[in-house]
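A short write-up of the structure that comes next.
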Amino acid sequence: MAKIKESMAVSASTHNILAAGTHIKGEINAEEDFRIDGSIDGNIHCKGKIIVGTSSTITGEIRCTNIEVLGKVDGNIFCSENVFLRATSTVTGNVKTGTIEIEIGAAVKGDINSHYKQEMNTTTII
Numbered sequence: 019m020a021k022i023k024e025s026m027a028v029s030a031s032t033h034n035i036l037a038a039g040t041h042i043k044g045e046i047n048a049e050e051d052f053r054i055d056g057s058i059d060g061n062i063h064c065k066g067k068i069i070v071g072t073s074s075t076i077t078g079e080i081r082c083t084n085i086e087v088l089g090k091v092d093g094n095i096f097c098s099e100n101v102f103l104r105a106t107s108t109v110t111g112n113v114k115t116g117t118i119e120i121e122i123g124a125a126v127k128g129d130i131n132s133h134y135k136q137e138m139n140t141t142t143i144i
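Remember, our numbering sits 18 above the position in the sequence shown when you count from 1.
As structure tokens, then:
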């Protein structure tokens, strides 16, 4: 039993969670997976997977490795690997990704490019 509890604690500590009823305004940069059940007004850059919960609203650009959308995204999605749009999802914006899976009932208002590869660790030199 101790090993199971320890494993769960380690797993939970490596994920970011924005609880329902919480609203953030501003840019977010996350190194690990990020579950969003609240709302965000701003751009998100995540090196892991993003899960947008059914009651969530994201207004801004999203850049990530993988994303699963169950709620609402109003902005462009740039995803280097996989996008999963569940039946309850609504995306208003362009989607650029390596692969995409769209369930019946999902709504997309924008262009989809499924041959996109994004470099997550880029440095801009000025």
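Glycine included, every Cβ here is placed at the ideal spot set by N, Cα and C.
If you count every other CB in all the chains shown that lies within 10 Å of the CB of residue i, and 16 or more means buried, which is it?
i    : result
G71  : buried
G123 : exposed
G89  : buried
K67  : buried
S132 : exposed
G128 : exposed
Mind checking who residue i pairs with in its DSSP beta bridge?
i   : result
S57 : H41, T75
E86 : I69, F102
N34 : F52
Excluding the 5 residues preceding and the 5 following residue i in the sequence, name in chain order all residues of the same chain whose CB lies nearer than 6 Å to its CB.
i   : result
H63 : N47, R81
Put residue i into one of helix, strand or coil per three-state DSSP.
i    : result
D51  : strand
H133 : coil
I94  : For clarity, residue 94 is Asn in the given sequence; the question names Ile instead. In this structure, N94 counts as coil in the three-state DSSP scheme.
A124 : coil
G116 : strand
Below 7 Å CB to CB, which residues in the same chain sit around residue i once its five sequence neighbours on both sides are set aside?
i   : result
N61 : E45, G78, E79
Going by C-alpha distance, which of the options is nearest residue i?
i    : options                : result
D59  : R53, G66, I42          : I42
S73  : N84, A105, I54, K65    : I54
C97  : T75, T115, S107        : T115
G39  : E86, E50, F52, S57     : S57
T117 : E49, I35, N84, N100    : N100
Y134 : I95, E49, G111         : I95
L36  : N84, I69, I120         : I69
G111 : H33, I130, V87, K65    : I130
N84  : T75, T106, E49, D92    : E49
T75  : E121, I120, V113, T106 : T106
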